[in-house]
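See structure below.
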Amino acid sequence: MGRVVLVTGAARHLGGRFVRRVQREPGVERVVAVDAVEPAHSLGAAEFVRADIRRPAIARVLAEHEVDTVVHLDVTGTALGAGGRTTVKETNVIGTMQLLGACQKSPRIGRLVVKSSTNVYGSAPRDPAVFTETTPAKALPSGGFAKDAVEVEGYVRGFARRRPDVAVCVLRFANILGPRIDSPLTEYLSLPVLPTVLGYDPRLQFVHEDDVVEVLRLVAQEPRRGTVDTGTFNVAGEGVLLLSQCARRLGRPTVPVLLPAVTWVGSALRTVGLTDFAPEQIRLLTHGRVVSTARLREVLDFRPRYSTAEAFADFAASRGPGPLPPERLAGAVDRLAERLVPAGGPRATTLHDGG
Numbered sequence: 024m025g026r027v028v029l030v031t032g033a034a035r036h037l038g039g040r041f042v043r044r045v046q047r048e049p050g051v052e053r054v055v056a057v058d059a060v061e062p063a064h065s066l067g068a069a070e071f072v073r074a075d076i077r078r079p080a081i082a083r084v085l086a087e088h089e090v091d092t093v094v095h096l097d098v099t100g101t102a103l104g105a106g107g108r109t110t111v112k113e114t115n116v117i118g119t120m121q122l123l124g125a126c127q128k129s130p131r132i133g134r135l136v137v138k139s140s141t142n143v144y145g146s147a148p149r150d151p152a153v154f155t156e157t158t159p160a161k162a163l164p165s166g167g168f169a170k171d172a173v174e175v176e177g178y179v180r181g182f183a184r185r186r187p188d189v190a191v192c193v194l195r196f197a198n199i200l201g202p203r204i205d206s207p208l209t210e211y212l213s214l215p216v217l218p219t220v221l222g223y224d225p226r227l228q229f230v231h232e233d234d235v236v237e238v239l240r241l242v243a244q245e246p247r248r249g250t251v252d253t254g255t256f257n258v259a260g261e262g263v264l265l266l267s268q269c270a271r272r273l274g275r276p277t278v279p280v281l282l283p284a285v286t287w288v289g290s291a292l293r294t295v296g297l298t299d300f301a302p303e304q305i306r307l308l309t310h311g312r313v314v315s316t317a318r319l320r321e322v323l324d325f326r327p328r329y330s331t332a333e334a335f336a337d338f339a340a341s342r343g344p345g346p347l348p349p350e351r352l353a354g355a356v357d358r359l360a361e362r363l364v365p366a367g368g369p370r371a372t373t374l375h376d377g378g
């Protein structure tokens with residue numbers, strides 16, 4: 024008999040994509056898709072079970088379907104439907120506790136994959152240039168999704184100690200981008216004008232949704248020869264982008280704000296429902312964050328197909344040109360240079376976004 028894979032968070036975009044992908048894997052007999060709400064997208068041949076992972080009933084789902092592989096994707100920073108921040112936190116933390124408790128009682132479970140985030144490292148002024156999986160955070164996240172991710176990983180480590188027979192893999196994803204990704208960061212980047220912190224230009228990393236689905240597929244299957252499928256791995260596209268480069272490539276103007284006033288700006292944005300400008304988000308857009316993916320390449324033998332810049336380019340194309348598209352800005356500078364440089368004088372070079 025083939026493997027039976029249970030996937031949480033199936034009603035979300037990434038969850039649905041992974042459900043459709045993993046059922047095509049050799050050796051997978053059945054896929055059980057779980058969420059508290061009905062998905063609006065197709066799940067292919069997967070069996071959908073409407074269940075709230077915050078409830079003990081999730082243990083019955085594991086037993087009835089004889090699940091041996093669990094891929095926990097219902098760890099996220101945004102609500103689905105009418106839920107608010109309280110619902111998100113309960114699903115992330117309490118839901119993970121209930122799911123792990125159910126897995127611990129199940130003798131069939133042999134593989135657990137958990138979606139986490141590089142948010143666990145936080146963002147602080149004295150951070151190292153690059154975080155590895157073993158680098159401790161200078162300042163632990165104090166709230167929001169970042170704190171949820173820290174708590175989730177703590178519960179997963181406890182589970183791994185109690186069930187050493189289970190292959191446990193935690194994937195710490197950088198900010199996920201793609202044409203259909205909805206997150207606090209994509210909402211911020213979609214604003215017509217981007218508020219930034221005066222005097223700071225943070226380094227950012229992104230991972231494309233296609234690479235997210237592919238690495239999940241890889242770690243949910245039997246490991247290839249010479250590789251393992253356990254441990255914690257940073258997942259991000261190669262390279263970095265500065266926030267100023269992101270703004271130019273989106274064609275969106277920026278409004279630098281003094282750091283003490285940023286919290287007020289974030290509160291105003293949340294009030295009008297534009298974006299979740301939480302404290303951890305503000306710290307990211309102040310100090311940035313860069314992680315090493317050497318372990319991902321060396322241990323899992325996985326290299327994201329999209330670099331950070333390519334993932335961002337695909338996201339930017341889905342949003343359409345902003346009020347200051349790079350080509351329009353370059354043309355305006357050229358026209359201005361022609362007016363300022365005397366006839367026969369040296370020509371100004373064309374301005375392009377070299378970042």
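In this note's numbering, the protein residues as written are 24 to 378. A virtual CB, placed ideally from N, CA and C, is assigned to each residue, including glycine.
Inset, instruction - With a cut-off of 8 Å on the beta carbons, I'd call residue 89 and residue 27 a contact; round off their distance for me. - result: 6 Å
Legend entry - Own chain, CB closer than 6 Å to residue 137, minus 5 neighbours either side, in chain order: 95, 179, 193
Inset, instruction - Evaluate contact between the stretch 228 to 237 and the stretch 160 to 180, counting only Cβ atoms and requiring at least three cross-stretch pairs below 8 Å. - result: no
Legend entry - Beta-carbon proximity of residue 127 to residue 77, cut-off 8 Å: no
Legend entry - Closest Cα partner of residue 263 within the set 125, 52, 336: 336
Inset, instruction - Using three-state DSSP, classify residue 87 as helix, strand or coil. - result: helix
Inset, instruction - With a floor of 4 residues, list each alpha helix (DSSP H) that falls wholly inside the stretch 137 to 217, ordered by position along the chain. - result: 167 to 185, 207 to 212
Legend entry - According to DSSP, residues forming a beta bridge with residue 254: 192
Inset, instruction - Starting from residue 95, follow its DSSP beta bridges and name the residues at the other end. - result: 31, 137
Inset, instruction - Determine the direct distance from the alpha carbon of residue 328 to that of residue 306, and round the result to whole angstroms. - result: 28 Å
Inset, instruction - Whole angstroms is fine: what's the gap from residue 340's alpha carbon to residue 279's? - result: 25 Å
Inset, instruction - Answer yes or no: do residue 207 and residue 309 have a C-beta to C-beta separation smaller than 8 Å? - result: no
Inset, instruction - Compute the Euclidean distance between the alpha carbons of residue 140 and residue 165, then round it to the nearest angstrom. - result: 15 Å
Legend entry - First and last residue of the uninterrupted alpha helix (DSSP H) at residue 56: Counting along the chain, residue 56 falls outside any alpha helix (DSSP H), though it belongs to the beta strand (DSSP E) covering 51 to 58.
Inset, instruction - Could you pull out every residue in the same chain whose Cβ sits closer than 8 Å to the Cβ of residue 189, ignoring the five residues on either side in sequence? - result: 126, 132, 133, 134, 135, 182, 183
Inset, instruction - Provide the residue span of the beta strand (DSSP E) that contains residue 310, from first to last. - result: Here residue 310 belongs to no beta strand (DSSP E); instead the alpha helix (DSSP H) covers 302 to 310.
Inset, instruction - Return yes when the C-beta of residue 169 is under 7 Å from any heavy atom of the ligand GDP, and no when it is not. - result: You won't find the ligand GDP in this model; it holds no ligand whatsoever.
Legend entry - Distance between residue 101 and residue 205 (C-alpha atoms, nearest Å): 8 Å
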